[in-house]
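Worksheet: the structure to be examined is printed underneath.
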Amino acid sequence: MQHIPETYQVRIHGQVQGVGFRQATVRKAHALGIHGWVRNLDDGTVEALVQGVPDQVDEMLQWLRFGPLLAKVTALDTQRIDTDRRYEYFARR
16 MQHIPETYQV RIHGQVQGVG FRQATVRKAH ALGIHGWVRN LDDGTVEALV QGVPDQVDEM
76 LQWLRFGPLL AKVTALDTQR IDTDRRYEYF ARR
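In the working numbering, the protein residues as written are 16 to 108.
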């Protein structure tokens, strides 16, 4: 049975730059089979696009609430988006 992927745009707030957040996110995404991307924004937040089957997406979103050991996530904004685009891998931008 093939699952239709869910796609979420995520903004992570807190001490999330300069602590290895993007690289850890790439590793976690690869481990879960998540596709999309992650990048730093000029305002000090990290933005990610997370796409995959629902259970894996839920696990990724839960992980993003805490991030890697040195990160201090204070808020996570998530928005489910409808898109026909299918990402083939997870990239650090």
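We put the CB at the ideal spot given by N, CA and C, even for glycine.
Local conformation of residue i per DSSP, three classes
{"i": "A86", "result": "coil"}
{"i": "E103", "result": "coil"}
Beta-carbon gap between residue i and residue j smaller than 7 Å
{"i": "V53", "j": "A63", "result": "yes"}
{"i": "R95", "j": "Y23", "result": "yes"}
{"i": "G29", "j": "T89", "result": "yes"}
Backbone CA spacing between residue i and residue j [nearest angstrom]
{"i": "E21", "j": "R100", "result": "11 Å"}
Given residue i as reference, the closest of the options once Cα atoms are compared
{"i": "N55", "options": "K43, G67, P69, Q38", "result": "Q38"}
{"i": "E74", "options": "L85, T40, V34, G35", "result": "T40"}
{"i": "T93", "options": "A86, V61, R107", "result": "V61"}
{"i": "Y102", "options": "I27, Q66, V25", "result": "Q66"}
7 Å Cβ shell around residue i - same chain, five flanking residues per side excluded
{"i": "G59", "result": "Q32"}
{"i": "Y104", "result": "H50"}
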